[in-house]
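Novice: The opening residue of the sequence shown carries number 4 in the working numbering; numbering runs sequentially from there.
The beta-carbon is built from N, C-alpha and C at its ideal position, and this holds for glycine as well.
Please find one structure pasted underneath; my questions will follow.
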Amino acid sequence: MELSLLARSESPPPPGRFNFKDQRNSMIVAGSLGLGMYVTAQPDVKDAVPVWMADLLGSSITIGALTAIVLDLVFHHWRAGPGVPPLDRAPEGPALT
Numbered sequence: 004m005e006l007s008l009l010a011r012s013e014s015p016p017p018p019g020r021f022n023f024k025d026q027r028n029s030m031i032v033a034g035s036l037g038l039g040m041y042v043t044a045q046p047d048v049k050d051a052v053p054v055w056m057a058d059l060l061g062s063s064i065t066i067g068a069l070t071a072i073v074l075d076l077v078f079h080h081w082r083a084g085p086g087v088p089p090l091d092r093a094p095e096g097p098a099l100t
């Protein structure tokens, strides 16, 4: 019974901890890991871009970090326009499974 009570607690994570219940955070992790693994699995990707960009896009660590930064800006910091409420917290309602 104790375990089920702990599993249902909806308290936010402590500061500095990652919140996997917010689907935007999960998308950031999945996107950055996915592109990082893609560059590792397909090393010829850097041949399809200009030479000055090949160093940036040829490294899985670099492309993963850049993807995480861009997706964080898109999901957490940029707004869609006037009249659109900010997403300061996870949307209410049941999570998609």
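Residue ranges of each alpha helix (DSSP H) run of no fewer than 4 residues wholly in the segment 31-70, ordered along the chain?
Specialist: Counting only runs of 4 or more, we get 54-60.
Novice: Determine the direct distance from the alpha carbon of L59 to that of Q3, and round the result to whole angstroms.
Specialist: Absent from the model: residue 3. The displayed extent of the chain is 4 to 100, so no value can be given.
Novice: Pick out whichever of R27, D25, V32 and K24 has its Cα sitting closest to the Cα of I64.
Specialist: The sequence position of residue 64 within the sequence shown is 61, counting from 1. Taking only the C-alpha atoms, the option nearest I64 is V32.
Novice: So, with DSSP's three-state summary, where would you put D75?
Specialist: Working through the sequence shown from its first residue, we reach residue 75 at position 72. DSSP places D75 in helix when its eight states are reduced to three.
Novice: Measuring alpha carbon to alpha carbon, tell me which of D75, W81 and H80 ends up nearest N28.
Specialist: Numbered from its first residue, the sequence shown carries residue 28 at position 25. It is D75 whose Cα lies nearest to the Cα of N28.
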